[in-house]
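In UniProt numbering, the protein residues as written are 1 to 168. See below for the structure under consideration.
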Amino acid sequence: MIEPTRIEVHPGCEAVVEFDPDLTFECVPDCTWCCHHGVLLYGKDLHELAQRESLNDPVKQLRGRDFVRREEKDRDDHVDVDDHACYFLRDDGLCALHAEHEWKPTRCSVFPLEVHVEHGDIHVSIREEAHSHCDGLDVSERRLIDHLDAFLPRLLWELDDPTTKIEL
1 MIEPTRIEVH PGCEAVVEFD PDLTFECVPD CTWCCHHGVL LYGKDLHELA
51 QRESLNDPVK QLRGRDFVRR EEKDRDDHVD VDDHACYFLR DDGLCALHAE
101 HEWKPTRCSV FPLEVHVEHG DIHVSIREEA HSHCDGLDVS ERRLIDHLDA
151 FLPRLLWELD DPTTKIEL
């Protein structure tokens, strides 16, 4: 059992870390597991996306929330079991938003982490599914705990509910 550790991620913004502090992560080529999930867009993310792309095709609303839609992809790789992936996932396996605009929505930054709130504190763990689907875990020297600010945008502390895994 890993002992939870409180870490200051941004000045004045703490998170309770619930994963092995020695765990490393680095995105690896051809692993697009994170792109198979619906991307919830927080208000600030929606505004940022609108400054970069038209919102007409990629964004849909579900239960009063804005999401980047998933669409059917022609390739056998880079897709989920239903042959769908994020609208912005290009044929080369790269994210158009990240590659062309050097930006990604908050929810995309968080992968492979999961955020939930407990007793008013933000808790951070590794998504359970990541251990079997994310090829970037434990393949580099880049310890997650040393780079939490890259995975947990300050915006999470401004939200009423920053929970990142939501069942629809």
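Just so you know, even glycine gets a beta-carbon here, dropped at the ideal spot from N, CA and C.
field: DSSP state of D146 mapped onto helix, strand, coil
entry: Numbered from its first residue, the sequence shown carries residue 146 at position 146. Note: D146 maps to helix in three-state DSSP.
query: Do you know whose CA, among L23, C13 and G12, lies nearest L113's CA?
result: The residue given as residue 113 occupies position 113 in the sequence shown. For the residues L23, C13 and G12, the minimum Cα distance to L113 belongs to L23.
Coarse secondary structure for H119, derived from DSSP in three states: Looking up residue 119 in the sequence shown gives position 119. Reduced to three states, the DSSP call for H119 is coil.
- request: Assign V124 to buried or exposed, taking buried as 16 or more other Cβ atoms, counted over all protein chains shown, within 10 Å of its Cβ.
  value: Stepping through the sequence shown from its first residue, residue 124 is reached at position 124. V124 is buried by the Cβ-count criterion.
- prompt: Around the Cβ of residue 213, are there at least 16 other Cβ atoms within 10 angstroms (buried) or fewer (exposed)?
  reply: Examination of residue 213 is not possible in this model, given that the chain is present from 1 through 168 alone.
- prompt: From E8 to I145, what does the alpha carbon distance come to, in whole angstroms?
  reply: As a working note, residue 8 is residue 8 in the sequence shown. As a working note, residue 145 is residue 145 in the sequence shown. The alpha-carbon atoms of E8 and I145 are separated by roughly 10 Å.
task: May I ask you to list the residues that DSSP assigns as paired with A85?
output: In the sequence shown, residue 85 corresponds to position 85, counting from 1. Answer by DSSP bridge pairing, in chain order: E71.
query: Closest by CA to G120, which one among E14, V28, M1 and E3?
result: Translated into positions along the sequence shown, residue 120 becomes position 120. Measuring from the Cα of G120, the nearest candidate turns out to be E14.
- request: For S54, count neighbouring Cβ atoms within 10 angstroms of its own Cβ and tell me buried if that reaches 16, exposed if not.
  value: Looking up residue 54 in the sequence shown gives position 54. With fewer than 16 Cβ atoms within 10 Å of its Cβ, S54 is classed as exposed.
- request: Under the assumption that G136 contacts E26 (Cβ atoms under 8 Å), give the Cβ distance between them as a whole number of angstroms.
  value: For the purposes of this step, residue 136 is taken as residue 136 along the sequence shown, with counting starting at 1. For the purposes of this step, residue 26 is taken as residue 26 along the sequence shown, with counting starting at 1. Sure, about 5 Å apart at Cβ, within 8 Å.
- prompt: What do you get for L168, buried or exposed, if any count of 16 or more other CB atoms within 10 angstroms of its CB means buried?
  reply: Start at 1 with the first residue of the sequence shown, and residue 168 comes out as number 168. For L168, the predicted structure reports a pLDDT of 46, less than 50, and the residue's modelled location is therefore unreliable. The matter cannot be settled from this model.
query: Where does V110 fall in DSSP's three states?
result: Here residue 110 corresponds to residue number 110 of the sequence shown, with the count starting at 1. Of the three classes helix, strand and coil, the one that applies to V110 here is helix, per DSSP.
query: Where does K44 sit, in a helix, a strand or coil, going by DSSP?
result: Translated into positions along the sequence shown, residue 44 becomes position 44. Helix.
Separation of R65 from L152, as counted between CA atoms: Against the sequence shown, residue 152 aligns to sequence position 152. Against the sequence shown, residue 65 aligns to sequence position 65. Rounded to the nearest angstrom, the two C-alpha atoms are 21 Å apart.
query: What's the gap between the Cα of E3 and the Cα of H36?
result: Within the sequence shown, numbered from 1, the residue matching residue 3 stands at position 3. Within the sequence shown, numbered from 1, the residue matching residue 36 stands at position 36. Their Cα atoms are separated by approximately 31 Å.
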